[in-house]
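Below: the structure, in structure tokens.
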Amino acid sequence: MTELITGIGFPAMSEASIAKVSAFAEIASQAEQANVTTRHLLHAGMYARTMRLSAGHVLVGALVKVATIVIFNGDAEVYVGDGSMRLTGYHVIPADALRKQVFLAYSDCDITAIFPTDAGTVEQAENEATGEAESLLSRWEGNPNILQSRSPQCLTQQP
Numbered sequence: 003m004t005e006l007i008t009g010i011g012f013p014a015m016s017e018a019s020i021a022k023v024s025a026f027a028e029i030a031s032q033a034e035q036a037n038v039t040t041r042h043l044l045h046a047g048m049y050a051r052t053m054r055l056s057a058g059h060v061l062v063g064a065l066v067k068v069a070t071i072v073i074f075n076g077d078a079e080v081y082v083g084d085g086s087m088r089l090t091g092y093h094v095i096p097a098d099a100l101r102k103q104v105f106l107a108y109s110d111c112d113i114t115a116i117f118p119t120d121a122g123t124v125e126q127a128e129n130e131a132t133g134e135a136e137s138l139l140s141r142w143e144g145n146p147n148i149l150q151s152r153s154p155q156c157l158t159q160q161p
């Protein structure tokens, strides 16, 4: 028997809510920034990026212009849509395009976003996902990137 379960989702955000997050991002950028490792995987026409957000830290995301599946594990307050919600535990979340979320971690959190793509490199996938790719933590000097691959290429050797 199939059972329909309704649950949480990350909806698209209004222009006003996106503007609030952008204003918060400007303020947050003045604080000391932590190094964050981003793990990347391109496989079977999908791109997945995973970040670990340490307890007590805040993550302000870029404006996402593609629909994704977000896999979350941890305990955090998330501002998305036009309000906030607390996520505790493990969740697989449908997430609409046009969102710019904020995570406040109460415990260490793992956050993965996955979307279909024809991209051949991480850079192409990031550029497809957001018009703010240069602001992604994976592009910041000093932040480690790990490319999971079946071949021995490193991130800087991608075509």
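Residue numbers for the sequence shown follow the numbering used here, so the first one is 3 and each next one is one higher. Glycine included, C-beta positions come from ideal geometry on N, C-alpha and C.
Beta-bridge pairing of A18 - partner residues as DSSP gives them: DSSP links A18 through a beta bridge to no other residue.
Determine the direct distance from the alpha carbon of A30 to that of P118, and round the result to whole angstroms. Each residue's CA atom was taken as its position, placing P118 and A30 some 31 Å apart.
Going along the chain, which unbroken runs of the beta strand (DSSP E) with 3 or more residues stay wholly within the stretch 40-69? 40-45, 48-55, 60-62
Under the three-state DSSP convention, the category V38 falls into: coil
Burial state of T39, where buried means 16 or more other Cβ atoms lie within 10 Å: exposed
Exposed or buried, which one is H93 when buried takes at least 16 other CB atoms within 10 Å? exposed
M15: which of V60, A64, Y49 sits nearest, CA to CA? A64
Quick one, which of E134, S151, S109, A25 has its alpha-carbon nearest G58's? S109
In the DSSP assignment, find the unbroken alpha helix (DSSP H) run with Q126 in it and report its ends. 124-131
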